[in-house]
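Since the structure comes first, as structure tokens, the remarks are kept for the end.
There are 2 protein chains.
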Amino acid sequence: MKLLDGKATAAQIQAELAAAVQARKQEGKKIPHLAAILVGNDGGSVSYVTSKVKACEAIGFESTLIRYDETVPEDILLEKVQSLNVDRSIDGFIVQLPLPKHIDELKITQAIDPKKDVDGFHPRNLGNMILNLPGFLPATPAGIMELMRRNNIETEGKNCVILGRSNIVGTPLSIMLARNTNPGNCTVTLAHSKTKNIKALCREADILIAAIGRPNFVTADMVKEGAVIIDVGTTRVDDATRERGWRLVGDVKFDEVAPKTSFISPVPGGVGPMTIASLMMNTLKAMELKAK
Amino acid sequence: MKLLDGKATAAQIQAELAAAVQARKQEGKKIPHLAAILVGNDGGSVSYVTSKVKACEAIGFESTLIRYDETVPEDILLEKVQSLNVDRSIDGFIVQLPLPKHIDELKITQAIDPKKDVDGFHPRNLGNMILNLPGFLPATPAGIMELMRRNNIETEGKNCVILGRSNIVGTPLSIMLARNTNPGNCTVTLAHSKTKNIKALCREADILIAAIGRPNFVTADMVKEGAVIIDVGTTRVDDATRERGWRLVGDVKFDEVAPKTSFISPVPGGVGPMTIASLMMNTLKAMELKAK
Numbered sequence: 034m035k036l037l038d039g040k041a042t043a044a045q046i047q048a049e050l051a052a053a054v055q056a057r058k059q060e061g062k063k064i065p066h067l068a069a070i071l072v073g074n075d076g077g078s079v080s081y082v083t084s085k086v087k088a089c090e091a092i093g094f095e096s097t098l099i100r101y102d103e104t105v106p107e108d109i110l111l112e113k114v115q116s117l118n119v120d121r122s123i124d125g126f127i128v129q130l131p132l133p134k135h136i137d138e139l140k141i142t143q144a145i146d147p148k149k150d151v152d153g154f155h156p157r158n159l160g161n162m163i164l165n166l167p168g169f170l171p172a173t174p175a176g177i178m179e180l181m182r183r184n185n186i187e188t189e190g191k192n193c194v195i196l197g198r199s200n201i202v203g204t205p206l207s208i209m210l211a212r213n214t215n216p217g218n219c220t221v222t223l224a225h226s227k228t229k230n231i232k233a234l235c236r237e238a239d240i241l242i243a244a245i246g247r248p249n250f251v252t253a254d255m256v257k258e259g260a261v262i263i264d265v266g267t268t269r270v271d272d273a274t275r276e277r278g279w280r281l282v283g284d285v286k287f288d289e290v291a292p293k294t295s296f297i298s299p300v301p302g303g304v305g306p307m308t309i310a311s312l313m314m315n316t317l318k319a320m321e322l323k324a325k
Numbered sequence: 034m035k036l037l038d039g040k041a042t043a044a045q046i047q048a049e050l051a052a053a054v055q056a057r058k059q060e061g062k063k064i065p066h067l068a069a070i071l072v073g074n075d076g077g078s079v080s081y082v083t084s085k086v087k088a089c090e091a092i093g094f095e096s097t098l099i100r101y102d103e104t105v106p107e108d109i110l111l112e113k114v115q116s117l118n119v120d121r122s123i124d125g126f127i128v129q130l131p132l133p134k135h136i137d138e139l140k141i142t143q144a145i146d147p148k149k150d151v152d153g154f155h156p157r158n159l160g161n162m163i164l165n166l167p168g169f170l171p172a173t174p175a176g177i178m179e180l181m182r183r184n185n186i187e188t189e190g191k192n193c194v195i196l197g198r199s200n201i202v203g204t205p206l207s208i209m210l211a212r213n214t215n216p217g218n219c220t221v222t223l224a225h226s227k228t229k230n231i232k233a234l235c236r237e238a239d240i241l242i243a244a245i246g247r248p249n250f251v252t253a254d255m256v257k258e259g260a261v262i263i264d265v266g267t268t269r270v271d272d273a274t275r276e277r278g279w280r281l282v283g284d285v286k287f288d289e290v291a292p293k294t295s296f297i298s299p300v301p302g303g304v305g306p307m308t309i310a311s312l313m314m315n316t317l318k319a320m321e322l323k324a325k
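Chains as they are written, first to last, in my numbering: chain X, 34 to 325; chain Y, 34 to 325.
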């Protein structure tokens, strides 16, 4: 078993990006600038956005955090999105999801200029993904692809089972892994809550990707000997032994599954840091595309 | 075995559309108008476009056919697309693919106004499909979904194997059948040229959809007893017994496969007519959306 150490891989990417920023500075060029909109005080959201801002600081990107109370009206948020769309100093921006229920997330996502949509959630970017056109790939699936690429995971001809059909992880990842690319060329099965015989299906997987948000769902009896396991789950579970009162738990029962695998990503320290790394890569790309 | 008679199902849809046109006429409303651009003289393309124009006539839609020699420069074609985009009399239009090699198909596809893209090939419409937003679904996959819906094929929880990962059939259909809709909620596996053990994989399929363009690829030993088989292949094969010198052959060896199935679509007369029917449905929808 080898650990797919997302923290280490992300650190490597961040070092490369930091070097790129230094080079740009010396050439007197613009430094990438990421903005993030955060609505409300949800613990997970605050923590994710904070990590993104910290990553910018570590790399040398400029960053701007815009916060709203959770009662902010939708039209105020839309106006802010539109002003960020035309703000030449901002290369890319994100609106941290989920948003409060009175706000239509898809309306907000669609209002973002696809050229600044570094989360890759805009329909135009998702369509570009299907057609293999230039654009921004959704940050989490792109991070998973990069984690596989940098750890030399063989994917061609492998059976890949993805648990979870969300718009931002499972569905786009099913397309990316099935395409004629490297990583890619997998035979991909997308499974979900209506899938029957899910244990037997998982046991056929050379590569199993769990993205359903159900703590410890994948157990050892569901895993083929030598499989590659990628755990996208991040559920906060109460834990009185921790000072903060909770810990992050993945979709995979790590302790019993890990010994059977060839590669496995941990939670935390697996896909999470790679999502942030790919957001940073997208931000640099947004600036470079704008310059063209 | 029951035939999934695309010709009959498409005729039913066309009768419904013809009634809708009649009702609009009586109310003094605009009649849907589809334009088609055809480049060159490829036999298949000429035949497809002719069928589309004939379907318009049968339903009572207005239609315009614009033909170019196969040497037409890309910029002339782009100009025509742009003029159709702004032509208020045209509700939707298509550019028949494939185009000659000197023309960038993706550039043309992207130049079409997504609101008039009744073939559903524009990245914005493909992205809308992923997010389940309003838009135009690609005509062939949408026709397959409609064929299943109108023939009451149960799909929820079924294992569905799709052979072929093309941008216009296999990949979008894999998303549409995996979604939480009816038809939909299948456990979908997308297979392709790099897939291993393809015969064994097909034998597990409750629903098998062949879209690879290899005549008679699917044989009886690849099919589970009672499976639903949908054949998207349409290859022209020489046939001296026919006056025109060829016949259309599907991806499925119909004669030996059919007895094992619960439902099977023939070639011709299966998916082909449904593609045209869904193009017609999209054209009516384009006009209605414009009116809003």
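Virtual Cβ for every residue (Gly too), placed ideally from N, Cα, C.
In this text the structure is predicted, and so the values were computed from the model without any measurement.
{"Item": "Report the rounded CA-to-CA distance for Y/Cys219 versus Y/Ala244, giving the unit in angstroms.", "Value": "18 Å"}
{"Item": "Can a CB atom of chain X be found closer than 7 Å to the CB of Y/Thr83?", "Value": "no"}
{"Item": "Any Cβ of chain Y within less than 7 Å of the Cβ of X/Arg247?", "Value": "no"}
{"Item": "Per the contact definition of three or more C-beta pairs closer than 8 Å, is the segment 235-251 of chain Y in contact with the segment 262-275 of chain Y?", "Value": "yes"}
{"Item": "Examine chain X for any beta-carbon lying closer than 7 Å to the beta-carbon of Y/Ile136, and answer yes or no.", "Value": "no"}
{"Item": "What span of residues does the beta strand (DSSP E) with Y/Asp264 cover, start to end?", "Value": "261-264"}
{"Item": "Would you say Y/Ile242 and Y/Ala88 are within 7 Å of each other, going by their C-beta atoms?", "Value": "no"}
{"Item": "Should X/Pro1 and X/Met181 be called a contact, given that it needs their Cβ atoms to be closer than 7 Å?", "Value": "With chain X running from 34 to 325 in the structure shown, residue 1 of chain X is simply not present."}
{"Item": "Within 10 angstroms of the Cβ of Y/Thr83, are there 16 or more other Cβ atoms? Answer buried if so, exposed if not.", "Value": "exposed"}
{"Item": "The beta strand (DSSP E) with X/Asn192 in it runs from where to where?", "Value": "192-196"}
{"Item": "Please name the residue, chosen from X/Ala69, X/Lys227, X/Leu117, that lies closest to Y/Lys191 on a Cα-to-Cα basis.", "Value": "X/Lys227"}
{"Item": "Which residues, in order along the segment 247-264 of chain X, keep a beta-carbon less than 8 Å from a beta-carbon of chain Y?", "Value": "none"}
{"Item": "By a C-beta neighbour count over all protein chains shown, 10 Å radius and 16 as the cutoff for buried, is Y/Asp334 buried or exposed?", "Value": "The requested residue 334 of chain Y does not occur in the structure, where chain Y is confined to residues 34 to 325."}
{"Item": "Quick check: is the beta carbon of X/Leu159 nearer than 7 Å to any beta carbon in chain Y?", "Value": "yes"}
{"Item": "In the DSSP assignment, the alpha helix (DSSP H) including Y/Phe287 goes from what residue to what residue?", "Value": "287-290"}
{"Item": "Please identify the residue among Y/Glu187, Y/Thr97, Y/Ile240 whose C-alpha is closest to the C-alpha of Y/Ala260.", "Value": "Y/Ile240"}
{"Item": "For a cutoff of 7 Å on Cβ pairs, would you count Y/Thr198 as touching chain X?", "Value": "Here the sequence assigns Arg to residue 198 of chain Y, which means Thr is not the residue at that position. Interface residue, yes."}
{"Item": "Determine whether the Cβ of Y/Leu223 lies closer than 7 Å to any Cβ atom of chain X.", "Value": "yes"}
{"Item": "Please report the distance separating the alpha-carbon of Y/Arg76 from that of Y/Gly305.", "Value": "Before going on, a small fix: residue 76 of chain Y reads as Gly here, not Arg. If I take the Cα positions, the gap works out to 15 Å."}
{"Item": "Is DSSP giving Y/Lys227 helix, strand or coil here?", "Value": "coil"}
{"Item": "Would the segment 196-215 of chain X and the segment 159-166 of chain X be scored as touching if the rule is three or more Cβ pairs under 8 Å?", "Value": "yes"}
{"Item": "Using DSSP with H/G/I as helix, E/B as strand and the rest coil, what is Y/Ser84?", "Value": "helix"}
{"Item": "Just checking: is the beta-carbon of Y/Gly190 within a distance shorter than 7 Å of some beta-carbon in chain X?", "Value": "yes"}
{"Item": "State the start and end residues of the unbroken beta strand (DSSP E) segment that holds Y/Gly13.", "Value": "Any question about residue 13 of chain Y goes unanswered here, given that chain Y covers just 34 to 325."}
{"Item": "Does Y/Lys149 have its Cβ less than 7 Å from a Cβ in chain X?", "Value": "no"}
{"Item": "Can you tell me where the beta strand (DSSP E) with X/Ser96 in it begins and where it stops?", "Value": "95-101"}
{"Item": "Taking Y/Ala319 as the reference, give the member of Y/Met34, Y/Ile46, Y/Ala68 with the closest Cα.", "Value": "Y/Ala68"}
{"Item": "What are the boundary residues of the beta strand (DSSP E) that includes X/Ala243?", "Value": "240-243"}
{"Item": "Determine the chain Y residues that contact X/Asn218 at a beta-carbon separation under 8 Å, and present them in chain order.", "Value": "His225, Lys227"}
{"Item": "What is the DSSP secondary structure of Y/Thr204, counted as helix, strand or coil?", "Value": "helix"}
{"Item": "Kindly identify the DSSP beta-bridge partner or partners of X/Asp271.", "Value": "X/Trp279"}
{"Item": "Tell me where the alpha helix (DSSP H) around X/Ile70 begins and ends.", "Value": "That residue, X/Ile70, is in no alpha helix (DSSP H); its beta strand (DSSP E) goes 66-72."}
{"Item": "Between the C-alpha atoms of X/Pro131 and X/Val282, what's the straight-line distance to the nearest angstrom?", "Value": "19 Å"}
{"Item": "I want to see whether chain Y comes within less than 7 Å of X/Ile163, judged by CB atoms only; does it?", "Value": "yes"}
{"Item": "For the 8 Å Cβ check, are there 3 or more pairs between the segment 107-115 of chain Y and the segment 280-296 of chain Y?", "Value": "no"}
{"Item": "Do X/Asn315 and X/Phe169 count as a contact pair if the criterion is CB distance below 7 Å?", "Value": "yes"}
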